Amino acid sequence: MAEILYTYKNQVYANITNRCDCNCTFCVRSSKASVGDAETLWHKAEPTLEEIKKAIDNFDFTDYKELVYCGYGEPTCALDNLLASAAYVKEKHAISIRLNTNGLGNLYHNQNIVPALAAVIDSISISLNAPTAEKYESITRPQFKNAYPALLEFASLCQKVFHHTQFSIVDVLPADEIAACQKIADERGISLKIRKYA
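Under the numbering used here, the first residue of the sequence shown carries the number 11, and numbering increases by one thereafter.
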């Protein structure tokens, strides 16, 4: 059985789904079965809310300040379980919760999910991946048309309600594209995190 909670670089992560509405060219899950201390992050079946809660109950959060929803799938594809389990964590533990997302949740659900997310999640990191729609589509390969403008709109909505909103990109981008991504972030008052490609 795949791990629902796992640790990596002294942080704890929640792997609640393997569903994803993108097929990124650089995605780590295409090259290995797990990261961190997990034996595998590939679920044989979608975890139920009860299974996620059990994993939360069985985990010792004592030395951790933050729980990050990020695994081998897009957490917002399992929105009901994401919201319910995050609320459960808030009831049980004094810990901050962050969501790492591709920013396409509003497209996936055909509604604005940002207020629901903000009710139980403290901060959000959105994968920007590229400075233009054309490059974004070639790298991220989303299942939706107009994914890039939808991502930018999602980020702007998040910036208004979350304690902290950030974009993220991977450091394999050329310097000029990194600079262009920084400009996109600056124009929206959103910080940019440059992640090292593992």
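The beta carbon of each residue, even a glycine, is placed where N, CA and C say it ideally should be. What you are looking at is a predicted structure, and each value in this text was computed from that prediction instead of being measured.
Cβ of residue i within 8 Å of Cβ of residue j?
i: residue 31; j: residue 164; result: no
i: residue 124; j: residue 78; result: no
i: residue 25; j: residue 81; result: yes
i: residue 119; j: residue 93; result: no
i: residue 8; j: residue 192; result: No answer is possible for residue 8: the residues shown for the chain start at 11 and end at 208.
i: residue 66; j: residue 99; result: yes
i: residue 108; j: residue 132; result: yes
i: residue 27; j: residue 47; result: no
i: residue 114; j: residue 152; result: yes
i: residue 63; j: residue 95; result: yes
i: residue 204; j: residue 169; result: no
i: residue 14; j: residue 61; result: yes
i: residue 51; j: residue 44; result: yes
i: residue 59; j: residue 122; result: no
i: residue 130; j: residue 157; result: no
i: residue 141; j: residue 101; result: no
i: residue 12; j: residue 53; result: yes
Assuming residue i is part of the alpha helix (DSSP H), what are its boundary residues?
i: residue 66; result: 59-67
i: residue 197; result: 185-197
Just to confirm the assignment, what range does the beta strand (DSSP E) spanning residue i have?
i: residue 35; result: No beta strand (DSSP E) contains residue 35, which DSSP labels as neither H nor E.
i: residue 204; result: 201-205
i: residue 178; result: 174-180
i: residue 72; result: Counting along the chain, residue 72 falls outside any beta strand (DSSP E), and DSSP gives it neither H nor E.
i: residue 82; result: Note, residue 82: premise wrong, no beta strand (DSSP E); not H, not E.
i: residue 27; result: Where residue 27 is concerned, there is no enclosing beta strand (DSSP E), given that its DSSP letter is neither H nor E.
i: residue 17; result: 15-18
Assuming residue i contacts residue j (C-beta within less than 8 Å), just tell me the rounded distance between them.
i: residue 116; j: residue 160; result: 6 Å
i: residue 84; j: residue 29; result: 7 Å
Establish whether the CB of residue i and some CB of chain B are separated by less than 8 Å.
i: residue 96; result: Among the protein chains of the structure shown there is no chain B, as only one such chain exists.
**Asked** Are three or more beta carbon pairs between the region 130-140 and the region 173-190 nearer than 8 Å?
**Response** By the Cβ test, the region 130-140 is in contact with the region 173-190, since at least three Cβ pairs between them sit closer than 8 Å.
**Prompt:** Which full runs of the beta strand (DSSP E) of 3+ residues lie inside the region 94-159, going along the chain?
**Reply:** The region 94-159 contains, as complete beta strand (DSSP E) runs of 3+ residues, the segments 106-111 and 133-137 (chain order).
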